[in-house]
Every structure is written in C-alpha cells, then in structure tokens.
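So the mapping is simple: this note's numbering equals the position in the sequence shown, first residue as 1, plus 11.
To start, the structure itself, in structure tokens.
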Amino acid sequence: MSKQQQRGARRARRRDADAPSPALRRPVRSYGDKSQRVIYVATEGSRTEPAYLDLLNKTFGEGDAERGIPPFSLEYCHPSHPNGLRPSKVVEQVLAKAGPGEEMWALFDRDAADSRDADIRDAFKLAREKGVQVALSDPSFELWLLLHFQPWSSREGGRDTRVKDQLRRRPDAQGFGNYDKASGKRGKGLDGTRGQSLMAASRPAAAVRHARKLVDSCPHPHGGCSAKQADRARELDQADRGQKAAALSAAEYAQMSGHADTCDPLKRDPSSDVWRLLAALGVGTRTKQ
C-alpha cells in the first residue's frame, strides 16, 4: 500500500470512529403530532384491504370530536410486491414494519379454498405472543364490504362466491356490479363510486352493527361470545392496546375479539372482526354516526 493510500485509510478510520452510532428505531408517535394515533396494519390482500384503509384515513383520519372520533393514521405495511400474503406472513409483515410499542393489526381471511387452516392457527399464536390484534374475516374481506349494505348470516364454509354475488347485486352498492370481474382497479379496487358507496352516510356504522350481531350469534356450541365482551376488553386496554396485548393470556386475548376462549376462530362462520378496528378508532360506536 502506498503512503497516500495509508493516509487515506487512517482518515477513513478516524471518520468512522467519530461517526454517530445508528439510532434505534423510534415509534412513529414519538415524532411530530403526538395527538394523532398511529396504527400499523398489514393485510393479506394487496388491493382491496389497503384501499379500504385509505378510505378510512381520508374519511375519518382527521378526527371528529362531535362523533367521538380522535385523529388517527392507519399505516399500511406494504410487502413490496403485488402478491397476497399467507396469514402468518401478514403477522410477520406488521411486526417487521412497526416500531417498538406501536399498535399493530393483521387482516386476513379464512378462505378455505387454499387449505390455510394450520397457518391461521400459527398466525393467531404469533399475534398473541407479539401483541398484534387480528381481524379475521370468514369467508373473506368481501363479507365486511357487504355488511356495509346489509346483514348476512349464511354459513359459507370458507368460500365467498355467494357473498361476492350478493355484493354485485346490491342496488345501493354502487360501482360493485363488476366487482372482481374486470382487470386492474376495476376488479377489486375501491376507487370512485365504490368507495363513496362504502363511506356514505352511516354505512360504516351499519357494518359495525351487523358484524357485532355475528359475534353475538356465533355458532360456538358452548356460548360465551358477545360483542359487549370485546367492548369491555377494549375499554380496559384503550390507553395502550399495542403494548398491553403482548402480556395477555390466551383467554384474555380471545376476549378482545368478543369470543369465548374456547371458540375456535376457524368455526366462526360467518364473521368479520374488521369491526373491532373501526371501533378502536371510534368509528361506528355511536348511533348518530
């Protein structure tokens, strides 16, 4: 090595020694406006679910004191590819993107068509251990969309063909006539008229109400499932759900969903826990919404 190269190496070492250590990642809420609640959300689907989160941000994110909705931001944890994720990967995705102490949610479907039951159980186990709240839809997220327009109680065995058909036929579900029939955003996107239909008037509140009734009528043979149970658990944990959830027992974690601790998540047909995310935000919790 030449003398010039040696001097350059010594300067580089001095610069490295003086350089600050990489900062540990801080929770988003430690920056900027601390009054805005930030929730990280990972989803199974790469189009419909993220589009719905965007609708919630645009419609309610700035908050509404009159309706009891504080400001919030749903941070979508994009997987950096257009493909969907398996349930366990959804949980892993939000864990990878969220900082320490952040609130975390994972949204995924039952979708019996691709034999994911074992993976769903793994996803629930990991979520409970790491403090991630799960919003499972059975048979699919489309049930949650349909609940904005009507109640639904038919058991579908993990298949959503009839749910989608009914969504397309609803005259008040404007824009959904060709849902999942066309390509691109016209297929499963929620832009334009579709989004307006979902967020119109009191429809988010109606979806919450219809989903709560599904909890109350859960087919669990031993009973014990009640949406009010989820309300009580949410009130107890409202100060910081994300941090406290990691310490919950299996029974306590089940209560967050309103279901009995012996209620198998794979046998809650039909159901959609997306209502709990909205309720956590204050959306749909008052009759005048």
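For each residue, glycine too, the CB sits at the ideal point set by N, CA and C.
Since this is a predicted model, take the numbers as computed values, not measurements.
Which listed residue (the options) has its alpha carbon closest to that of residue i
{"i": "Arg48", "options": "Glu55, Tyr63, Gly72, Leu64", "result": "Gly72"}
{"i": "Ala61", "options": "Arg166, Phe152, Gly142", "result": "Checking the sequence shown, residue 61 turns out to be Pro, not Ala. Checked all of Arg166, Phe152, Gly142; the closest Cα to Pro61 is Phe152."}
{"i": "Asp275", "options": "Lys100, Leu147, Lys69, Arg180", "result": "Leu147"}
{"i": "Pro232", "options": "Tyr51, Asn94, His270", "result": "His270"}
{"i": "Val294", "options": "Glu263, Arg220, Ala265", "result": "Arg220"}
{"i": "Ser91", "options": "Asn68, Arg58, Tyr63", "result": "Arg58"}
{"i": "Pro281", "options": "Asp65, Ser99, Val174", "result": "Val174"}
{"i": "Gln266", "options": "Arg139, Asp128, Asn189", "result": "Arg139"}
{"i": "Ala123", "options": "Ser268, Cys88, Arg180, Arg279", "result": "Arg279"}
{"i": "Cys236", "options": "Gln249, Ala222, Ala212, Leu247", "result": "Ala222"}
{"i": "Ala216", "options": "Ser126, Trp155, Arg245, His159", "result": "His159"}
{"i": "Cys10", "options": "Val105, Ala261, Ser283", "result": "Nothing can be reported for residue 10, as the shown portion of the chain is limited to 12 through 300."}
{"i": "Tyr63", "options": "Leu118, Ser194, Val101", "result": "Leu118"}
{"i": "Ala218", "options": "Met115, Pro182, Val285", "result": "Val285"}
{"i": "Leu66", "options": "Asp202, Arg197, Ala134", "result": "Asp202"}
{"i": "Tyr264", "options": "Leu137, Pro182, Trp155", "result": "Leu137"}
{"i": "Ser268", "options": "Phe135, Ala109, Asn68, Gly110", "result": "Phe135"}
Exposure label - residue i; buried when at least 16 CB within 10 Å
{"i": "Ala184", "result": "buried"}
{"i": "Asp171", "result": "buried"}
{"i": "Glu55", "result": "buried"}
{"i": "Pro98", "result": "buried"}
{"i": "Leu96", "result": "buried"}
{"i": "Glu113", "result": "buried"}
{"i": "Asp248", "result": "buried"}
{"i": "Lys192", "result": "exposed"}
{"i": "Lys325", "result": "Beyond the ends of the chain as shown, which are 12 and 300, falls residue 325; an answer cannot be given."}
{"i": "Pro33", "result": "Residue placement at Pro33 is poorly supported in this model, since its pLDDT is 35, which falls under 50; the coordinates are not used for a value here."}
{"i": "Ala301", "result": "Beyond the ends of the chain as shown, which are 12 and 300, falls residue 301; an answer cannot be given."}
{"i": "Arg243", "result": "exposed"}
{"i": "Ala262", "result": "exposed"}
{"i": "Ala107", "result": "exposed"}
{"i": "Ser228", "result": "exposed"}
{"i": "Ser283", "result": "buried"}
Pairwise C-alpha distance: residue j and residue i
{"i": "Ala53", "j": "Lys141", "result": "14 Å"}
{"i": "Gln316", "j": "Leu157", "result": "Only positions 12 to 300 of the chain appear in this structure, which leaves residue 316 out of reach."}
{"i": "Glu103", "j": "Arg78", "result": "34 Å"}
{"i": "Leu85", "j": "Ile50", "result": "5 Å"}
{"i": "Gly186", "j": "Leu292", "result": "27 Å"}
{"i": "Ser208", "j": "Gly169", "result": "26 Å"}
{"i": "Pro81", "j": "Leu225", "result": "27 Å"}
{"i": "Glu167", "j": "Asp149", "result": "8 Å"}
{"i": "Val145", "j": "Phe83", "result": "19 Å"}
{"i": "Trp163", "j": "Arg180", "result": "14 Å"}
{"i": "Gln240", "j": "Arg287", "result": "12 Å"}
{"i": "Thr70", "j": "Asn189", "result": "24 Å"}
{"i": "Arg121", "j": "Arg132", "result": "11 Å"}
{"i": "Thr204", "j": "Ser260", "result": "43 Å"}
{"i": "Asp75", "j": "Val101", "result": "30 Å"}
{"i": "Glu213", "j": "Gly206", "result": "For the sequence presented, residue 213 should be read as Ser rather than Glu. Near 13 Å, if we compare the C-alpha coordinates of Gly206 and Ser213."}
{"i": "Met115", "j": "Val143", "result": "5 Å"}
{"i": "Gly43", "j": "Ala290", "result": "Note that Gly43 scores a pLDDT of 48, beneath 50, so its modelled location is shaky; the value from the coordinates is reported in the next line. So the two alpha carbons sit approximately 25 Å from each other."}
{"i": "Thr273", "j": "Ala129", "result": "17 Å"}
{"i": "Pro93", "j": "Leu277", "result": "27 Å"}
{"i": "Ser194", "j": "Glu246", "result": "42 Å"}
{"i": "Ala6", "j": "Ser165", "result": "In the structure as shown, the chain begins at 12 and stops at 300. Residue 6 is therefore absent and cannot be evaluated."}
{"i": "Gly110", "j": "Asn68", "result": "20 Å"}
{"i": "Thr306", "j": "Arg127", "result": "An answer regarding residue 306 cannot be provided, because it is not within the stretch 12 to 300 covered by the chain."}
{"i": "Arg197", "j": "Pro182", "result": "18 Å"}
Where the alpha helix (DSSP H) through residue i begins and ends
{"i": "Val174", "result": "172-180"}
{"i": "Asp227", "result": "214-227"}
{"i": "Trp155", "result": "152-157"}
{"i": "Gln207", "result": "203-210"}
Host beta strand (DSSP E) of residue i (start-end)
{"i": "Thr54", "result": "48-54"}
Chain B contact for residue i (CB, 7 Å cutoff)
{"i": "Ala124", "result": "In the displayed structure, chain B is absent; only one protein chain is listed."}
List, from N- to C-terminal side, the beta strand (DSSP E) runs of 3 residues or more that fit wholly inside the segment 232-284. none
What residue ranges within the segment 63-148 form continuous beta strand (DSSP E) runs of no fewer than 3 residues, ordered along the chain? 83-87, 114-120
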